[in-house]
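Residue numbers (the numbering used here): 94 to 345. Note that the Cβ used here is the ideal one computed from N, Cα and C, for glycine as well. Values in this document were obtained by computation on a predicted structure and should not be read as measured data.
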């Protein structure tokens, strides 16, 4: 029967059945190319999400960091609370994260002495419930630790965004098992050529290596703007060669 033959109420009901509804709060990217591939239509808010740079280059490291900044910035605006940034390093560049939507005034920075202490601080902060989102940088994270973080994040409905650092230059952080809800590899990509001299908006290669309840995929996006939002490069349009595809690496 053609769609026009159904009453509007029945069409609405049919669409509701055909469209999966998440049973938990989500953080959308507000980018159709990403959200439609994520189970529930976005990132689960109360969950552990892991991100790693595809290589040890500074460009990929910056892309991975800013990818997390954008997520944290959007959630901070939604929840109205600060973002806790836990790292044993002191190289967080305030103007850089501000360009990706996260003002330095909205960030509480903590610098634990090692990864074990850092993970304990993160867990305590989640249980406290003050931060709207937590970003943590760590290299040594056990499967048990990720299970604990996933459980407390789900209970508090607070996103824990874990930037997995490399222990060794050639090591892929995702070789280690994890209970994270999603695992992402991020890399820099060539930006658009401009008709005049200047620097175009950065582009990133975004690969979802694993997600619960969904398939892996990869695509090219434009980096976070001042609101923390991504975009699909206009030059790629609706093409599938670069903007759409499956993950090139096995799911971790």
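Nearest candidate by alpha-carbon position, reference residue i, set the options
{"i": "residue 255", "options": "234, 199 and 263", "result": "234"}
{"i": "residue 38", "options": "187, 249, 194 and 188", "result": "This structure leaves residue 38 out entirely; the chain is present only between 94 and 345."}
{"i": "residue 167", "options": "181, 269 and 191", "result": "191"}
{"i": "residue 259", "options": "251, 268, 252 and 313", "result": "268"}
{"i": "residue 257", "options": "279, 247, 194 and 246", "result": "279"}
{"i": "residue 140", "options": "317, 265, 282 and 242", "result": "242"}
{"i": "residue 144", "options": "165, 134, 201 and 124", "result": "165"}
{"i": "residue 322", "options": "180, 230, 281 and 161", "result": "161"}
{"i": "residue 277", "options": "169, 181, 136 and 222", "result": "136"}
{"i": "residue 127", "options": "231, 320 and 307", "result": "307"}
{"i": "residue 299", "options": "187, 124 and 188", "result": "124"}
{"i": "residue 181", "options": "261, 229 and 175", "result": "229"}
{"i": "residue 86", "options": "327, 317 and 326", "result": "Because the chain is modelled from 94 through 345, residue 86 falls outside the range shown and cannot be assessed."}
{"i": "residue 217", "options": "236, 232 and 246", "result": "246"}
{"i": "residue 236", "options": "138, 185, 272 and 134", "result": "272"}
{"i": "residue 240", "options": "213, 129, 134 and 310", "result": "213"}
{"i": "residue 244", "options": "138, 134, 327 and 122", "result": "138"}
{"i": "residue 270", "options": "186, 303 and 261", "result": "303"}
Distance CB(residue i)-CB(residue j) smaller than 9 Å
{"i": "residue 305", "j": "residue 324", "result": "no"}
{"i": "residue 274", "j": "residue 227", "result": "no"}
{"i": "residue 173", "j": "residue 225", "result": "yes"}
{"i": "residue 380", "j": "residue 131", "result": "What is shown of the chain runs 94 to 345, which leaves residue 380 out entirely."}
{"i": "residue 120", "j": "residue 171", "result": "yes"}
{"i": "residue 204", "j": "residue 183", "result": "yes"}
{"i": "residue 153", "j": "residue 284", "result": "no"}
{"i": "residue 296", "j": "residue 315", "result": "yes"}
{"i": "residue 223", "j": "residue 175", "result": "yes"}
{"i": "residue 117", "j": "residue 253", "result": "no"}
Simplified DSSP assignment, three categories, for residue i
{"i": "residue 326", "result": "coil"}
{"i": "residue 312", "result": "strand"}
{"i": "residue 296", "result": "strand"}
{"i": "residue 302", "result": "strand"}
{"i": "residue 127", "result": "helix"}
{"i": "residue 138", "result": "coil"}
{"i": "residue 112", "result": "The pLDDT assigned to residue 112 is 41, lower than 50, so where the model puts this residue is not dependable, and the model offers no usable value."}
{"i": "residue 118", "result": "coil"}
{"i": "residue 321", "result": "coil"}
Short CB-CB distance (under 9 Å) between residue i and chain E
{"i": "residue 215", "result": "No chain E appears in the structure shown, which is made up of a single protein chain."}
key: Entirely enclosed beta strand (DSSP E) segments - the stretch 205–286, minimum 3 residues   = 226–231, 253–257 and 275–282
query = For the stretch 140–187, which segments carrying the alpha helix (DSSP H) assignment without a break, of at least 4 residues, lie completely within its bounds, in sequence order?
reply = 151–172
key: Given 8 Å, three or more beta-carbon pairs between the stretch 203–210 and the stretch 149–169   = no
task = Give a yes or no on contact between the stretch 135–149 and the stretch 193–207, applying the rule of three or more CB pairs nearer than 8 Å.
result = no
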